[in-house]
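Before any comments, here is the structure.
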Amino acid sequence: MDVLKLIDDKNDGQGLKMTLPKTRGVQFEYRTAHLFEKFGYEWDRSGSSLGTDLKILKDGELKYLVNCKKTSKSKVIYLPRSEVKDLAETVKKREAQGLICFGFHCTPIFTHTLDSIENTEQTEKNYKLVKEDSQTLRSFLSEVSRCESSTETSNTSK
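Residue numbering for the sequence shown follows the UniProt record's numbering, beginning at 1 and increasing consecutively.
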């Protein structure tokens with residue numbers, strides 16, 4: 001009982017504070033969106049109404065549709081193949097690229113493109129997402145930024 005009172009006192013009498021999985025997921029979406037923002041992108045949180053979590057834009061043009069997945073307990077995330085298929089269909093219609101962004105407890109954000117996810121370990125119904133087979137979102141965006149810079153440089157020197 002003394003331990004619970006101690007926790008209650010530390011939380012200004014509000015009792016134990018627990019973050020619900022949905023809240024953790026939304027926080028992860030915002031964390032992902034803010035990283036895109038650091039690389040000059042704008043974003044809109046879809047709230048999964050489109051079947052995607054984030055729309056990422058650059059100069060007003062839709063660049064990426066992003067599905068986000070977060071776990072704090074496991075070292076693997078099983079992503080249903082149907083979600084990847086739905087994302088692939090949506091990005092084709094919207095003329096954008098699809099990304100799966102995911103994270104584990106106290107890790108950076110990892111990402112897979114729709115092409116790279118095909119190279120991950122799979123079961124009959126799921127893709128198996130692990131950090132060892134993945135690229136961080138920061139390094140992905142750095143590469144994209146370098147490619148865009150070199151393209152702009154070569155276009156201005158012509």
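Idealized CB from N, CA, C, for every residue including glycine.
If you draw a straight line from the Cα of residue 82 to the Cα of residue 117, it is about 13 Å long. Within its own chain, the residues whose Cβ lies closer than 6 Å to the Cβ of residue 72, once the five positions on either side in sequence are excluded, are 105, listed in chain order.
Three or more beta-carbon pairs separated by less than 8 Å are not found between the region 116-131 and the region 143-150, which leaves the two stretches without contact.
Contact holds between the region 57-65 and the region 90-103, because three or more Cβ pairs, one in each stretch, are under 8 Å apart. Per DSSP, the continuous alpha helix (DSSP H) segment holding residue 34 begins and ends at 21-38. With a cutoff of 8 Å on beta-carbon distance, residue 133 and residue 120 are scored as near each other. Boundaries of the beta strand (DSSP E) around residue 42: 42-45. Excluding its 5 nearest sequence neighbours in each direction, residue 55 has C-beta neighbours in its own chain below 7 Å: 43, 44, 46, 62, 65, listed in chain order. Residue 29 counts as buried, since no fewer than 16 other beta carbons sit within 10 angstroms of its beta carbon. In the DSSP annotation of this structure, the continuous segment of the beta strand (DSSP E) that includes residue 66 starts and ends at 61-70.
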